[in-house]
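For the protein sequence lines, the chains are X and Y, in the order given.
Quick note on full-length UniProt numbering: the first sequence kicks off at 1 and runs consecutively.
Quick note on full-length UniProt numbering: the second sequence kicks off at 1 and runs consecutively.
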Amino acid sequence: MSKRKSKETSSVNGECISQVQRILRERFCHQCPNGKLFGVQLQYKHLLELLKRTTIHGESNSALIIGPRGSGKTMLLNHVLKELMEAKQVRENLMQVHLNGLLQTNDKIALKEITRQLQMENVVGDKVFGSFAENLAFLLEALKKGDRDSSCPVLFILDEFDLFVHHKNQTLLYNLFDISQSAQTPVTVIGLTCRQDILELLEKRVKSRFSHRQIYLMNSFDFKQYLRIFKEQLYLPAEFLYKPFTQKWNKNVQSLSEDRTVQDVLQNHFHCSKDLRSLHMLLMLALSSITVSHPFMTGSDLLEASKSCRMDSKANIVHGLSVLEICLIIAMKHLNDVYEGEPFNFQMVYNGEMKVSTLKSINITLLLLK
Amino acid sequence: MNTRQQCKRIYSWVGRAKSSDQKMKTFQYRGILIKSERSLTEMCILLGEFVLVEGANADQPFVAKLLKLYEDGSQEKHAVVQWFSRITELPLNKRKLLRREVSPQEIFLDKAPGYGTDINVETIIKNVKVIPLAPEEVVPVRSKGKQIFFVKESWDGKCFKPLSPGLLSELKEAEKKKRVGSPTPLTDCQVFPSDFICSLKAETDRVTRSTMKTKNIQMEIESRHSASKSSLSKERHSQRVANGINTPGARKKLQLNSPTKSRNKLTGCNVLELLGDDCDALEAREPSATKRKVTFTEILGSPPKVSRTNGEPDSPQTMRGDWSKVAETIRISPYRRGQDSSLKAKNLDGKDDDTCLAEEQELKTRRPVVIPRSHRKCVQKTTALIAEQLHFLNISEQDQEDDYLPSTDCSDSSSSEEEESMVPCTPKRKTRSSTTLSTPKSSWKPSDTTPANTPRKSPEPRTPKTPRNATPRIPIRNQATEKPANVLEEARLRLHVSTIPGSLPCREEEFQDIYNFVESKLIDGTGGCMYISGVPGTGKTATVHEVIRCLQQAAENDELPSFQFIEINGMKLTDPHQAYVQILQLLTGQKVTATHAAELLAKLFSTPGPKRKTTVLIVDELDLLWTRKQDVMYNLFDWPTQRQAKLIILAIANTMDLPERIMMNRVASRLGLTRMSFQPYTYKQLQQIISSRLNHIKAFEEDAIQLVSRKVAALSGDARRCLDICRRSTEICEFSSQKSASGLVSMAHVMKAIDEMFSSPYINSIRNASLHEQMFLKAIIAEFRRSGLEEATVQQIYHQHVALCRIEGLQIPTVSEIIAICSRLGACRFLLVESNNKYLHVRVRLNISQDDVMYALKQE
C-alpha cells in the first residue's frame, strides 16, 4: 500500500518537475512579453505615452532607447507594444515596420524591407523593386501623400540603430526623421542601441531633425533589488497545477534567498555584471540539476552553476594538456618572466625545457602523477 | 517619343528666297524641307501649315501654325508661328472656365501674351493636321487618332472665346488650300512593279520577311531618289509617279468611284473638311453615329487624286516631296483601299448592303477577340478574315470588278504588314525595339502613324501592368484622430515642427531678399542662381518655400508671369546623378536613365525653347550633389547662365563657404555671388517664434519660454531643438500636473526637459555599471598613469585590476570575466577596443575623458 503511494507521488513529482522546468526555461530563454519589467517604470510610461500620441493623435515623433546590452531595451519596447495593441483603436490603425541593422545592412535592402512590411508591393506590381533610386522616390512619395488626420500612423523600429548610422550619407535616417518633422504621414521612429555616443555619430542635419528624445536604460538597481529579481524569477506562478508543490517550491526559493552562500554567489555575480541575462544563465544551469530525486534547488546547485559560469576557458584547456605539453608551457612561462614579454623562439623554449626535464624530470613526473 | 529627339534632322529651305528685307538682312522663304538623317525621308512644310514644335515634354509637342519663315544675317533659320495650346498647357484653375469636357485632341488658338512667337526652325518636328470647327460643331470622338487636332475656341489668357467667323473661314480656307495645293499623300501601291505585288501575295504568311522587303525596297527607292540630284532624274521621277498612278488598277478604281461621286455631294459641306485624310479611312471602323457620313468621305478620297493625276506637277521640288511621301505611305494606303473597296462594294450593291454591314460588324466584333493571341496568329487571322470578306464581295460583283482582284489581295497582305510595322510605333513601346525596328517611321507623317487601329495595337498578350505613375499611399486610418483635449495638447500640436505657421517670424529680411531676387528674374524672364547657407534648423527651407508660396499666389492673381516650381533634395537622392532624373521627371513627367536625362535637360535648357515658362528650381542639401568631376553641380549652375533657359536656381546648403571649399573654380564662378546666409536664431527670435506658434494659448510661463530660448540660442540656435524642448516640457508638465499649481509649463519642467536632452549620459551610466566594470575603468586610469600612455593592453590592465581587487578585498575575477567586461564596456563605447582576437593583447583606449570617469567614481 505504502509502496504504491510513494510510487504515485514520485510519478506526480516527475510530471511536476518537467512542468516546472518548462515554465522556468521559457522564462529564462525567451524574451516573452509576459515577463516582468524591473526598475524601468518611468521609461515605460514615457514610451507608452509617446506611442499613444502617435497612434491616437497622429503626432510624429522620434526617440532613441539607449542602454547596455541585456538591459531590456527590446523587452521594454515589446511590453509597450503589447499594451498598446490591447486597445482596439490602436490595433486597427498602427502599422509597424521592424528593421534590424544587422539584417538591413544598407539602405537599399532596408527600403525593400520597408515596402514589404508596409505591404505596398502589391500596389504597383513589380515596379517597387526597381532600382534603388526608384524605390526611394516611391517610398517618399507614398509617405508624402498622407497627412496627420487621415493616414495610418507608421511605427519604424530600428534595432541596432548604430549600424544604420554607417549607411551612405545616412539617407534612410535623414528621410525618416525628415518625415517625422514634416506634415506628412505620421511616423514614429524608435531606435534601439547600446552605444552611448550615438548622437555624435549622426550627421548634423540628421541630428537636427532628430527630436532628441532619449530613453536610457541603466540597470539601475542595487543588490537588494537584485535579490528580489532573483526570487521573482524563480517563483512559480500561483495558477500552477500542483498547488502543494508550488507552495513548497516557493518556500524553498524564499529560504534560498536568505541563505548566506547563495547570497555570496549572487553578490559575486552581481559585481561582475548587472545584466539580467547572465543571471538567467546562472539560474538555467542550476535548474538543469533539478530532477525527481532532487526536486528543490539548493545553495550548492547555485554554487556549482556559478563555478561553471565563471570558468576560465583558457585555464580549462591547460588542464587537459599532456605532461610534455605542460613542460613546454612551463618553460615558456619562465622565458616570459625573464624577457618581460619580448618574443622568443622555439630553440630557446626547447633549451629551457631540456634543462628542466633533465634536472627535475623524475620529480615533476612523480609530482604530476600524484 | 525619345527616339525622335535623338535622330537628327536636316533643315533646308524650299526654293529660293521669296523676298528679302535689305534693312534687316533677312530672307523670307515659303517652305521648309525637313530631312531625317536616319530614315532618309524628307517632308516639306509650307507656310500656313500646322506644325508640331518640340517642347519640354517630348510626348506632347506644341502645336503651331507656320506664319513666316526667314533666315537672318547670321544664317540662322527662324520661323514665326501662331501658337495653339492643348488643354494640358492651360493653367489648371482656368480650365474650369470652359465648363465642358475637352477631348485631348482639341486645341485652342492661343492669343495669350508672353510667349515668343519667333522660334528656331530646328525645333519643328513635322506637320500636323488641324481642323477648325464652328462653335456649334461637336469635336468628333476618336479613340487613338490623336495626331489630328481640332480648334474651336481661342484663349487669350483670361477667357475662352469661340473663333470669330472670319478667322474660322480663314483657317478653313488655309486648310482647303493646303489640301489642294500641297501634296496630300496620295497613295498607290501601283508604283511598285507588279512582280513585287505578286511576291507579296505569295508571301502573305511570311509577313515579317515581306515587311523587311518592303522596307528594303523603300529604302532602295529612297536612296536612289536621293542620289539623283539632276533635274533630269527628277523629271523622270515625276513621270514615274504620274505613270504609276495611271495603272489599270487605279483607273478602274477611279471609275468605280465615279458613280458615288454624285452621292457624296449630298453630304454636308463639312464632310469636305475631312476629305482626303488617311486617318479618316480608319474612322469608318469605329461604331459611331457618324459612320455613314464618313464612309462617304472615304470614297471621296479620290477627287484630289484625280486633280493630281490630271494636273501637271507644279515644280520639281514639290514633286520630290510628293515622291517621298508616296513612298512613305505605300504601306498604309493599300489597307485603306481594302476597306474602301469593301465599303464601296457595299454602296454599289444596294441589295447586299445589309449583309455586308452585318459582315462588317462581325469583322469588327471579332477583331478584339483576336488581340490576346500571338502577333503572327493575329495577323493571319485578320488577313484571313479580310480575304474572306473580300472574296465574298468579289463573288457578288465579279462581273464588275474582275481586274480589281489582284490589288485587293495585295492590300490584304500589306495590311497585315502594316499592322506589324505599326506595332513598335505605339507610344507605349518606345524603347529600344522601336529605335531599331522602325527607324524610318520616326519621320512619318503623324496622320500615317496614328491610325494604328486600337484593338490590334497590342500584338502579344501583355501582362496587365499597373499604370506607370501609380501613386501608392499609406492606408487610411480607420478611426479619426482625436482632437486635442486640453491646452497642453493644443500647445503641443502647435509646437510640432511639422505645423506650417501662418507666417515666418524673424526671417522677414531674408524672405524679402529672396522674394525680390526671384521676382525680378521672373519679370525679366531671365535665369539666375542664389546660394543660401546656414546651420541646420535656421529656417532656410521653410523661408524658401514661403517665398515660393507667395510667388505662386501672385502668379495666380496675374501679378507675375506664371512659373513652374520644382524641388530636389540631395539627401533624397541615392546618387548625385539621380538629380537629372528627378528634375526631368518633375519637369515633364518622363522617366529615363540618368545619362539620358542629362542630355535631354541640356537640350531643353540650351535650345531656344518655345513657349517656355520660367522654372524655379530649389536644390536642397546641395553639398550632397558633389561628385568627383562635379559635373552635376556644373550643369546645374551652367543652365541658368544660358539665355534661353529661364531657370532660377535656389541652392541651399549648410556651410557658408561651400563654394570655396568643395567647388572647382569653374563651378563656383557659375554659381555667382548672390549669396545669403541665415544666422542662427538669437534668443529673442526664438522667443518670438515660440510665442507666435502658441498664438495666445496660455500654456507656458513667460520665464519658461525665455529659459528655453536662451538655452538653445547659447547651444545652437536651432529652432527645431527649441520646439522639441517645449514639446517635451508640456509632456513633463502633463505627467506631473498634480504638483504644479497653475497647470502651466514652468521653469522646473523646462529644466527637466533640457536636462533630458542635453545632459551627457556617460556619468550616469558609469554610476550604474557593475562593480567590476567600475573597477576596470579605475584600473585603466591607473595603468595610464603608470605608463604615461593613453593606451594599454588588457593584460596590463588586468594586473592593475587584480591589485585593486586585493586592496578592496573582492573576489578576483578570472581572465575570461575580465575580457567579457572589457567587451561590454567596448560595446557601450566607454572604451575603444581593438577589434581582433589577440585576447590578452588587445589594446584599449578610453572614449571618455579621464576626468569624467574620476568624477563619476569618486562620488560614491
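By construction, the Cβ of each residue, glycine as well, lies at the ideal position given by its N, Cα and C atoms.
Remember, predicted model here, so these are calculated numbers, not experimental data.
(request) Taking only the alpha-carbon atoms, compute the straight-line gap between Y/A542 and Y/P501 and give it to the nearest angstrom. (result) 10 Å
(request) Could you tell me whether the Cβ of X/C29 comes closer than 7 Å to any Cβ of chain Y? (result) No, its Cβ sits nowhere closer than 7 Å to a Cβ of chain Y.
(message) Suppose you measure from the CA of Y/E791 to the CA of Y/N654; what does that come to, to the nearest Å?
(response) 36 Å
(request) Output the distance between the C-alpha atoms of X/G39 and Y/K778, rounded to the nearest integer angstrom. (result) For X/G39 and Y/K778, the distance between alpha carbons rounds to 27 Å.
(request) Kindly indicate if chain Y contains any beta-carbon less than 7 Å away from that of X/S273. (result) yes
(message) Using a Cβ-based criterion (distance less than 6 Å to any ligand heavy atom), does Y/N837 qualify as near the ligand NAD?
(response) Annotation note on the ligand NAD: not contained in the displayed structure, which lists no ligands.
(message) Please report the distance separating the alpha-carbon of X/E160 from that of X/Q119.
(response) Using only the alpha carbons, I get a separation of about 23 Å.
(request) Taking the CB atoms as reference points, tell me whether Y/K111 and Y/S154 lie closer together than 7 Å. (result) Yes, they are a contact pair.
(request) Report all residues from its chain with a CB closer than 8 Å to the CB of Y/L831; omit the five preceding and five following residues, and keep chain order. (result) Hits under 8 Å: I780, C822, L825, V844, R845, L846, N847.
(request) List the residues that DSSP assigns as beta-bridge partners of Y/P132. (result) Beta-bridge pairing links Y/P132 to Y/V151.
(message) Helix, strand or coil, according to DSSP, for Y/E621 in the structure here?
(response) coil
(request) Report back the beta-carbon spacing between Y/R767 and Y/A827 to the nearest angstrom; my notes put them in contact at under 8 Å. (result) Actually they do not touch by this definition, with Cβ atoms about 18 Å apart.
(message) Looking at the strands, I want to know which residues DSSP matches up with Y/W83.
(response) Under DSSP, Y/W83 takes part in a beta bridge, and its partners are Y/A64.
(request) Grab me the residues of X/D107's own chain with a C-beta within less than 6 Å of its C-beta, minus the 5 sequence neighbours each way, in chain order. (result) H167, T171, L172
(request) Run down chain Y in chain order and give the residues with a C-beta less than 8 Å from the C-beta of X/A183. (result) Contacts between X/A183 and chain Y, judged by CB atoms closer than 8 Å, involve S498, T499, I500 in chain order.
(message) Buried or exposed for X/C29, going by 16 or more other Cβ atoms inside 10 Å?
(response) exposed
(request) Give me the Cα-Cα distance between Y/S223 and Y/T41, rounded to the nearest whole angstrom. (result) Low per-residue confidence applies at Y/S223: pLDDT is 44, beneath 50, and the placement is therefore not dependable enough to give any value.
(request) Sort out for me which residues DSSP pairs Y/D558 with in a bridge. (result) DSSP output for Y/D558 lists no bridge partner at all.
(message) I'd like to check one pair, Y/V750 with Y/L707: are the Cβ atoms closer than 7 Å?
(response) yes
(message) Beta-carbon within less than 6 Å of X/N93's beta-carbon, same chain only, minus the 5 sequence neighbours each way: which residues are those?
(response) Only T55, C152 meet the Cβ criterion.
(message) Is Y/T574 close to chain X? Criterion is C-beta to C-beta, closer than 7 Å.
(response) In terms of beta-carbon proximity, Y/T574 lines the interface with chain X, with at least one pair separated by less than 7 Å.
(message) By the three-class DSSP mapping on this structure, what secondary structure does Y/M747 have?
(response) helix
(message) Am I right that X/L48 and X/L102 are in contact with their C-beta atoms under 8 Å? What's the rounded C-beta distance?
(response) In fact, because the Cβ distance is near 27 Å, the residues do not count as touching under 8 Å.
(request) Out of X/D149, X/R116, X/L81, X/Q225, point me to the one whose CA is closest to X/F138's CA. (result) X/R116
(message) My output table needs one value for Y/V207: the three-state DSSP class, helix, strand or coil.
(response) Confidence in Y/V207 is poor, its pLDDT being 42 and thus under 50, which makes the residue's placement too unreliable to answer from.
(request) Check the DSSP bridge columns for Y/W13 and list the partner residues they point to. (result) Y/I32
(message) Tell me which residue opens and which closes the alpha helix (DSSP H) that X/Y174 is part of.
(response) 171–180
(request) Identify whether X/S322 lies in helix, strand or coil by the three-state DSSP scheme. (result) Three-state DSSP puts X/S322 in coil, outside helix and strand.
(request) Please report how far the alpha carbon of Y/S307 lies from the alpha carbon of Y/V80, in whole angstroms. (result) Confidence at Y/S307 is low in this model, with a pLDDT of 39, below 50, so its placement is unreliable and the value that follows should be read with caution. Cα atoms of Y/S307 and Y/V80: separation of roughly 32 Å, rounded to the nearest angstrom.
(message) Let me make sure I understand the geometry here. Which of Y/P162, Y/T499, Y/V712 has the alpha-carbon closest to that of Y/L133?
(response) Y/P162
(request) Using a cut-off of 8 Å between C-beta atoms, extract the partners of X/H57 located in chain Y. (result) T481, E482, P484, E489, L493
(message) Give me the residue from Y/Y70, Y/L47, Y/Q512 with the minimum Cα distance to Y/S20.
(response) Y/Y70
(message) Once DSSP output is grouped into helix, strand and coil, what is the label at Y/K215?
(response) Residue placement at Y/K215 is poorly supported in this model, since its pLDDT is 47, which falls under 50; the coordinates are not used for a value here.
(message) Against chain Y, with Cβ distances strictly below 7 Å, would X/P68 count as a contact?
(response) yes
(request) State the Cα-Cα distance for the pair Y/Q644 and Y/E519, rounded to the nearest angstrom. (result) Rounded to the nearest angstrom, the gap between the Cα atoms of Y/Q644 and Y/E519 is 18 Å.
(request) Starting from residue 379 of chain X, follow the beta strand (DSSP E) in both directions and report where the run begins and ends. (result) The requested residue 379 of chain X is not part of the displayed model; chain X covers only 1 to 370.
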